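Those protein sequences? They're chains A and B, same order as listed.
Residue numbers for the first sequence follow this note's numbering, beginning at 1 and rising by one.
Residue numbers for the second sequence follow this note's numbering, beginning at 1 and rising by one.
C-beta atoms are modelled at their ideal positions from N, C-alpha and C, and glycine is treated no differently.
Since we're looking at a predicted model, the values are computed, not measured.
There are 2 protein chains.
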Amino acid sequence: MLGLMQSRPLLVSTLIDYAATCHGGREIVSRDPDGIIHRTDYAEIARRAKRLAHGLQRLGVGFGQPVATLAWNSYRHLELYYGVTGSGRILHTVNPRLFPDQIRYIINHAEDAYVFFDPVFAPLVEQLAPHLPLVRGWVALCDAAAMPAVKVETLLCHEGIMAAASEDYAWPQFDENTASTLCYTSGTTGNPKGVLYSHRSTILHAFAACAADAFGFTARDSFLMVVPLFHANAWGVPFAAALAGVKLVLPGPRLDPKSIYTLLQEEGCTTSGGVPTVWLNFLAWVEERRAQLDLSRLKLNRVFAGGTAVPRSMSAKFRDLLGVYLLHAWGMTETSPLVTAASLLARHQHATPDEILDMQATQGRQVYGVELKLVGAAGETLPHDGQAVGELKVRGNWVISGYFKNEGGQVTDPDGWFGTGDVATIDADGYVRLTDRLKDVIKSGGEWISSIEIENLAVSHPDVFEAAVIAMHHPVWQERPLLLIQPKPGRQPTREAVLQFLAARVAKWWLPDDVVFVDSLPHTATGKLLKTELRARYHGHLAVSG
Amino acid sequence: MLGLMQSRPLLVSTLIDYAATCHGGREIVSRDPDGIIHRTDYAEIARRAKRLAHGLQRLGVGFGQPVATLAWNSYRHLELYYGVTGSGRILHTVNPRLFPDQIRYIINHAEDAYVFFDPVFAPLVEQLAPHLPLVRGWVALCDAAAMPAVKVETLLCHEGIMAAASEDYAWPQFDENTASTLCYTSGTTGNPKGVLYSHRSTILHAFAACAADAFGFTARDSFLMVVPLFHANAWGVPFAAALAGVKLVLPGPRLDPKSIYTLLQEEGCTTSGGVPTVWLNFLAWVEERRAQLDLSRLKLNRVFAGGTAVPRSMSAKFRDLLGVYLLHAWGMTETSPLVTAASLLARHQHATPDEILDMQATQGRQVYGVELKLVGAAGETLPHDGQAVGELKVRGNWVISGYFKNEGGQVTDPDGWFGTGDVATIDADGYVRLTDRLKDVIKSGGEWISSIEIENLAVSHPDVFEAAVIAMHHPVWQERPLLLIQPKPGRQPTREAVLQFLAARVAKWWLPDDVVFVDSLPHTATGKLLKTELRARYHGHLAVSG
Numbered sequence: 001m002l003g004l005m006q007s008r009p010l011l012v013s014t015l016i017d018y019a020a021t022c023h024g025g026r027e028i029v030s031r032d033p034d035g036i037i038h039r040t041d042y043a044e045i046a047r048r049a050k051r052l053a054h055g056l057q058r059l060g061v062g063f064g065q066p067v068a069t070l071a072w073n074s075y076r077h078l079e080l081y082y083g084v085t086g087s088g089r090i091l092h093t094v095n096p097r098l099f100p101d102q103i104r105y106i107i108n109h110a111e112d113a114y115v116f117f118d119p120v121f122a123p124l125v126e127q128l129a130p131h132l133p134l135v136r137g138w139v140a141l142c143d144a145a146a147m148p149a150v151k152v153e154t155l156l157c158h159e160g161i162m163a164a165a166s167e168d169y170a171w172p173q174f175d176e177n178t179a180s181t182l183c184y185t186s187g188t189t190g191n192p193k194g195v196l197y198s199h200r201s202t203i204l205h206a207f208a209a210c211a212a213d214a215f216g217f218t219a220r221d222s223f224l225m226v227v228p229l230f231h232a233n234a235w236g237v238p239f240a241a242a243l244a245g246v247k248l249v250l251p252g253p254r255l256d257p258k259s260i261y262t263l264l265q266e267e268g269c270t271t272s273g274g275v276p277t278v279w280l281n282f283l284a285w286v287e288e289r290r291a292q293l294d295l296s297r298l299k300l301n302r303v304f305a306g307g308t309a310v311p312r313s314m315s316a317k318f319r320d321l322l323g324v325y326l327l328h329a330w331g332m333t334e335t336s337p338l339v340t341a342a343s344l345l346a347r348h349q350h351a352t353p354d355e356i357l358d359m360q361a362t363q364g365r366q367v368y369g370v371e372l373k374l375v376g377a378a379g380e381t382l383p384h385d386g387q388a389v390g391e392l393k394v395r396g397n398w399v400i401s402g403y404f405k406n407e408g409g410q411v412t413d414p415d416g417w418f419g420t421g422d423v424a425t426i427d428a429d430g431y432v433r434l435t436d437r438l439k440d441v442i443k444s445g446g447e448w449i450s451s452i453e454i455e456n457l458a459v460s461h462p463d464v465f466e467a468a469v470i471a472m473h474h475p476v477w478q479e480r481p482l483l484l485i486q487p488k489p490g491r492q493p494t495r496e497a498v499l500q501f502l503a504a505r506v507a508k509w510w511l512p513d514d515v516v517f518v519d520s521l522p523h524t525a526t527g528k529l530l531k532t533e534l535r536a537r538y539h540g541h542l543a544v545s546g
Numbered sequence: 001m002l003g004l005m006q007s008r009p010l011l012v013s014t015l016i017d018y019a020a021t022c023h024g025g026r027e028i029v030s031r032d033p034d035g036i037i038h039r040t041d042y043a044e045i046a047r048r049a050k051r052l053a054h055g056l057q058r059l060g061v062g063f064g065q066p067v068a069t070l071a072w073n074s075y076r077h078l079e080l081y082y083g084v085t086g087s088g089r090i091l092h093t094v095n096p097r098l099f100p101d102q103i104r105y106i107i108n109h110a111e112d113a114y115v116f117f118d119p120v121f122a123p124l125v126e127q128l129a130p131h132l133p134l135v136r137g138w139v140a141l142c143d144a145a146a147m148p149a150v151k152v153e154t155l156l157c158h159e160g161i162m163a164a165a166s167e168d169y170a171w172p173q174f175d176e177n178t179a180s181t182l183c184y185t186s187g188t189t190g191n192p193k194g195v196l197y198s199h200r201s202t203i204l205h206a207f208a209a210c211a212a213d214a215f216g217f218t219a220r221d222s223f224l225m226v227v228p229l230f231h232a233n234a235w236g237v238p239f240a241a242a243l244a245g246v247k248l249v250l251p252g253p254r255l256d257p258k259s260i261y262t263l264l265q266e267e268g269c270t271t272s273g274g275v276p277t278v279w280l281n282f283l284a285w286v287e288e289r290r291a292q293l294d295l296s297r298l299k300l301n302r303v304f305a306g307g308t309a310v311p312r313s314m315s316a317k318f319r320d321l322l323g324v325y326l327l328h329a330w331g332m333t334e335t336s337p338l339v340t341a342a343s344l345l346a347r348h349q350h351a352t353p354d355e356i357l358d359m360q361a362t363q364g365r366q367v368y369g370v371e372l373k374l375v376g377a378a379g380e381t382l383p384h385d386g387q388a389v390g391e392l393k394v395r396g397n398w399v400i401s402g403y404f405k406n407e408g409g410q411v412t413d414p415d416g417w418f419g420t421g422d423v424a425t426i427d428a429d430g431y432v433r434l435t436d437r438l439k440d441v442i443k444s445g446g447e448w449i450s451s452i453e454i455e456n457l458a459v460s461h462p463d464v465f466e467a468a469v470i471a472m473h474h475p476v477w478q479e480r481p482l483l484l485i486q487p488k489p490g491r492q493p494t495r496e497a498v499l500q501f502l503a504a505r506v507a508k509w510w511l512p513d514d515v516v517f518v519d520s521l522p523h524t525a526t527g528k529l530l531k532t533e534l535r536a537r538y539h540g541h542l543a544v545s546g
């Protein structure tokens, strides 16, 4: 028997409608690349989003057609978030920091009808345009006076489109499973793959993000959006903020510590979110200037960080310098992204400050709406005991069922579990600790050895500058760990000394079968170890000891 | 184009699964009618809910069949919440305080297969059973030792059913629009009507209830559930609490101030919710004993109240005595119930304590997920300006589309708006203030006059004990207000004196056309003015002045 409740589609347009009706005057503050502050509010964002919907119609962008952005965090980018999706088109946020070749691939693959870009990206646009035959026009996110000189066939002005369009528009109603936004993941191997979010997944994710133990947004909050709008929907913040009536502060491209500090203080920000690198710089800057700064003027009380693991010391510094709780959260583009958040449990009321920092160093515990499981080398489900190490699998309403255009084929098992490619433990309270990437783990005789843990131990040896652990082929154990070491300048550690050092610190069967000393280790453009190259070179390495 | 995200049904079973997995050890504390405390946790509630599902199967209760409860707040009632709904059956919570005739009507109308009852209701069950031919069995919520002597054909023991059933059970998957719970509204006229909630509406409502500006539940909270489980799903708390990992404290039938105080203190409750009457008694009791009580041992920081309007003085007393924020919330059985909650906005950071109390005296502002509108006498949509008075209409995913078995016919307009029967204003910030019931409002020449406002003014006259304002027929204005007054003992106010008193305080056209003095006014069993009777008697009253 069916219930007798209304069943209205969960649409992104209901978020901006709600914010406009109930928090219409709540500010949206943007800082442009020149540092100039622009102020608007939810009511105006809603009106302009409707104008934009009309504008897209006039440009002939059909229902379900993707529109790309190459833009920093600004109110114009935010109104694209609502105008494009609310009218049933797809917002494709492109990361302008990717290599131009990747951007070209992505925009072609997505078949974007138009590209909306910040004037600062004019040179990039000029470089891309000749290779993007499917793009019908390029829209500069500015007014007529600020129009950049760009040699492209069809150059349009965003404010021109807006001025010509009416704001008298009713959001269309459609199936809540309709696509809303599109984001490509930039994996280390292969072409980027598209994640196509739906209106339903976006709304459910926004609800989960607003829970008190996740973002915990209230109508009193002011959020500095350090995380870019092109990074997994800025973690869903544009949607969650509208749901709760949060003031948004959009910092544009400048994320240096001083710019962040100024906005936090002047806009009364209570909360913010961004990747650890930004916060590392910020905290170092604050610490240096502690004597000069009047920290009591900051209203900041909690900050979210994710994207890469958050060091324990960062949580300590946020606490000690600013009295701020650092919420370590985890997820992927493929998971919308929120899966876990390191919030406190009741038992932490009696925990020591150190125990709380330990907890904050985990990726956090699962939010309601997604399910987690750990799967061992033989496909068996492992216990949540904080010890068992397995691949982390996830399923739920904001987890992908497949990539755009079926790239990569079937990505979930028949029960819907998506393999994250991360290796982790989960403790009895549900806190997840990522220990390695699945592709980097050493599969030795049906058991897994974490490459990262051995690397971390190896670099604590006084003679070691950097270390990499990769799998080498073994006739009996399938794989065994091989340790590659770049010594510190002038130091000459021996194989035996390093192994002895490790033997005191890891289980016997984790001990690398051999150590190779190298002059340098290869890295990706973003500074990560390039293990694919190391594996290609050393997979067949024959250990001195068998 | 459809998104490529998973679309898993939103089912109530996912809530208890989540709580069992991520908050398995979080306590569920019950106090039975004898004051004995029972402790269990989410993991055990989940296991027992699965046992119950098996038990229902053995009893031959089919998918979609309703099962009734006549029970106070206890862990057994809570496991029925999950076991019955999770397995695809319908939980019908019956208010045991209704007249036996109403209960009989409701259980017959719902076609409940079994009735689970607290032993304390044995006499009621014996009285009801002969009139309920469709009920196949009566299940006492106790163990064998506590079984009451009840003369019914089939008497079963809850713990007996549980003991015989296995907990090895996988929740079935089904359409999220499937019915989950059933609650009857007891209107003042006509038969009670059933509201049939769905799994989807329940999950979406739980998400909204957990938002930081609504219940704001965290995993550190301990909630004393004063609101009964048979009252609109206890405002959705059983579901919201599982979503957030909240400790639940279930007080059984005893809601006297001392019992409440003891539980709040001993179970470290941070929050609670119940109707204003309970809190009025509680606050008076606390105030009297302030000197003896060690109030610093209470961890209570916020309390929700609703069901009837919350007096301003109650918010003040909660604040002054206990440092507690009283969240005035509003909704109806037909709206799951949460529609509005009186939480703070950013602008209240600069508000005076008095302004905050004023805000807390409103019904609050709309939560995301429901829409509100005000409709005037001629069907026109009215502005949200805090002045315009109209009928409050609501729509959204947790608002009914119709009553069970289509009682009352079509209850929404073609756009899905449900008329609440309440008359209200909405201010620019979205705060709703209920001013009257639609049936009590006086429709004078296309404008509305609030009966309640005139009554409140009239009783502030020193000679007036109680007042009622009803509509009397008028040839030109259709309706005009008639004021009925019961004077204070020994006082003899005159018509002229009362009207003069009012004239200084209301708009001229609101002034009653006549005043009638009576010895007493008729009331319902729950103490409300019985205006139907007054209207029947006085609708044709001829005013002295035309």
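Between A206 of chain B and F239 of chain B, which are expected to be in contact by the criterion C-beta below 8 Å, what is the C-beta distance as a whole number of angstroms? 4 Å
Name the chain B residues whose beta carbon is nearer than 8 Å to that of M225 of chain A? Result: empty, since nearest Cβ-Cβ is about 17 Å, beyond 8 Å.
By the three-class DSSP mapping on this structure, what secondary structure does K508 of chain B have? helix
I36 of chain B in three-state terms, based on DSSP: coil
Would you list the one or two residues that DSSP bridges to I28 of chain B? B:T40 and B:L248
Three CB pairs or more closer than 8 Å across the region 154–172 of chain B and the region 53–67 of chain B: yes
Beta carbons nearer than 8 Å to chain A: which residues of the region 164–179 of chain B have them? D175, N177, T178 and A179
Which word fits V109 of chain A, buried or exposed, when buried means at least 16 other C-beta atoms lie within 10 angstroms of its C-beta? Just to set this straight, residue 109 of chain A is His in the shown sequence, not Val. Classification of H109 of chain A: buried, given that the 10 Å Cβ count is 16 or more.
Could you check where the alpha helix (DSSP H) with W279 of chain A kicks off and where it finishes? P276 to E288
Excluding the 5 residues preceding and the 5 following A467 of chain A in the sequence, name in chain order all residues of the same chain whose CB lies nearer than 6 Å to its CB. E455, A458, V459 and I485
Report the rounded CA-to-CA distance for G546 of chain B versus T435 of chain B, giving the unit in angstroms. Any reading at G546 of chain B needs caution, since the residue's pLDDT is 41, under 50, leaving its predicted position unreliable; the model's value is listed next. For G546 of chain B and T435 of chain B, the distance between alpha carbons rounds to 27 Å.
Spatial distance of G527 of chain B from I103 of chain B (CA atoms): 20 Å
Can you find the residues in the same chain that come closer than 6 Å, C-beta to C-beta, to R537 of chain B, ignoring five residues on each side of it along the sequence? none
Helix, strand or coil for D101 of chain B? Go by DSSP, reduced to three states. helix
Among A:L321, A:T333, A:H131 and A:A170, which residue has its Cα nearest to the Cα of W235 of chain A? A:T333
To which residues does DSSP link G364 of chain A through a beta bridge? A:V432
Could you check how far apart the C-beta atoms of V339 of chain B and G331 of chain B are, in whole angstroms? I think they sit under 8 Å. 4 Å
Mind checking H77 of chain B: buried by the 16 CB within 10 Å criterion, or exposed? buried
What are the residues that DSSP puts in a beta bridge with E447 of chain A? A:S444
Thinking C-alpha only, which one of B:R365, B:L382, B:V94 and B:F404 is nearest V432 of chain B? B:R365
Is there contact between the region 195–205 of chain A and the region 293–305 of chain A, where contact requires at least three CB pairs shorter than 8 Å? no
From the DSSP secondary-structure annotation, give me the bridge partner or partners of H523 of chain A. A:L529
Going by C-alpha distance, which of B:G245, B:A241, B:F282 and B:T271 is nearest I260 of chain B? B:F282
Minimum C-alpha distance to G396 of chain A - residue among A:L372, A:A507 and A:Y403: A:L372
K50 of chain A burial status per 10 Å Cβ neighbour count (16 or more: buried): buried
T532 of chain B versus P475 of chain B - alpha carbon distance: 21 Å
Between F117 of chain A and V389 of chain A, what straight-line distance do the alpha-carbon atoms span, to the nearest angstrom? 44 Å
Kindly confirm or deny that the region 213–232 of chain A and the region 272–286 of chain A touch, where touching means at least three C-beta pairs closer than 8 Å. yes
In chain B, what lies closer than 8 Å to S343 of chain A by C-beta? T218 and A219
Buried or exposed, going by whether 16 or more other CB atoms sit within 10 Å of the CB of L534 of chain B? buried
At the 8 Å Cβ level, is R395 of chain A part of the contact set with chain B, yes or no? yes
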